[in-house]
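Here my numbering is used: position 193 in the sequence shown is 194, and no number is missing along the way. Beta carbons are placed, not taken as given, at the ideal position from N, Cα and C, and that holds for glycine. Shown next, in structure tokens, is the structure this report addresses.
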Amino acid sequence: MSILIMILSSVAIIAIVKYGLVEGLDRVSLALKWTPKARGQATGYATSVPELVALVAAGLSGVWEAGLWNIASSNLINLGLMLSAVTLHRRWKDLVLPRFRSELGFAFVGIGAPLVLMQWEFDTHVAVIPILFALFVLYQWVDRKMAESDEPPPEESVGSLPIALIFCVISLALVSIAGIFLGDSTKAVVEQMGIHPAIAGWILGVVTSLPEAVTFFAVYGSARKAGNPESVEETQEVLDNLAASNMSNTSLIYPIGLSVFLIATQLL
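Listed below in structure tokens is the structure:
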């Protein structure tokens, strides 16, 4: 029963993110005339909300290893999903363009950092928190320095910004509620059912990566429907989505979750 609740709460979080938070961000991007690069990064941050909820819930429940494996596995799965979308839509040639070096580089940094920290058994050290936050600042700085200019945004905004913000706020509230069930059920799965935390983390990783799967394929699918299947702007959006998702998982969500875990273990 616990594993069913864990999966159902994860699916609920994904549905809320996809149909609420991501939809809200799409409306914000239209209202504020965002470029494909900015839209991709915003989507990457939005689709990382399930990992944030899962890791914080795991930290509060004292099952840190499961939460961290959720981050590590999710980043690996995100890469596989991006490559699948690129393969399906025959866009491999885009990946070798110099303009995408920083996005791909940071996507791999996001994958490697938690794996290295776990291998060195340094993943719960308090010093990791400022180091990873500094890594996110570096990502933002390098990304802006190396990225080429995007296509100009549309001249006129579309949609209502207040409605878009309401979508986002309500979605975040619902995700937080679902996260309570996710944390309790994950703890029960690990402690009562005897499932190894790494396996529980991989289960969560598969489930929480579904929003990225949806958005990666949707970007290329929309371009094909619009009769513009060869534009590199779609790959720009997809790779910024990947880099932002992986780097936010590793250098924002990881240190936030670790802070919660360290505080919780001191209070318990």
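- Remark: fewer than three beta-carbon pairs, one from each stretch, lie closer than 8 Å, so the region 93–107 and the region 55–69 are not flagged as touching.
- Secondary structure at Lys34: coil, using DSSP grouped into helix, strand and coil.
- When the beta-carbon positions are compared, Leu205 and Leu80 stay at least 9 Å from each other.
- The straight-line gap separating the alpha-carbon atoms of Arg92 and Thr236 is approximately 8 Å.
- Residue state for Phe123 is assigned as coil, using DSSP reduced to three classes.
- Judged by DSSP in its simplified three-state form, Ile112 adopts helix.
- Between the beta-carbon of Pro51 and that of Glu238 there is about 20 Å, and that puts the pair past the 8 Å contact cut.
- Residue environment for Gln42: buried (at least 16 other C-beta atoms within 10 angstroms of its C-beta).
- By a beta-carbon distance limit of 8 Å, Ser210 does not contact Met7. Their separation comes to about 15 Å.
- For Ser30, the closest C-alpha among the options Gly21, Val110, Arg40 is that of Arg40.
- The DSSP assignment places 23–33, 37–47 as complete runs of the alpha helix (DSSP H) inside the region 5–60, in order along the chain (cut-off: 4 residues).
- Between Ala199 and Ser161, the alpha-carbon positions lie close to 43 Å from each other.
- Between the alpha carbons of Thr125 and Ala108 lies a gap of roughly 22 Å.
- Residues of the same chain with a CB within less than 7 Å of the CB of Val176, apart from the 5 flanking positions on each side, are Ile14, Ile17, Val18, Val50, Val54 in chain order.
- By the neighbour-count criterion, in which a residue is buried when 16 or more other Cβ atoms sit within 10 angstroms of its Cβ, Ser252 is buried.
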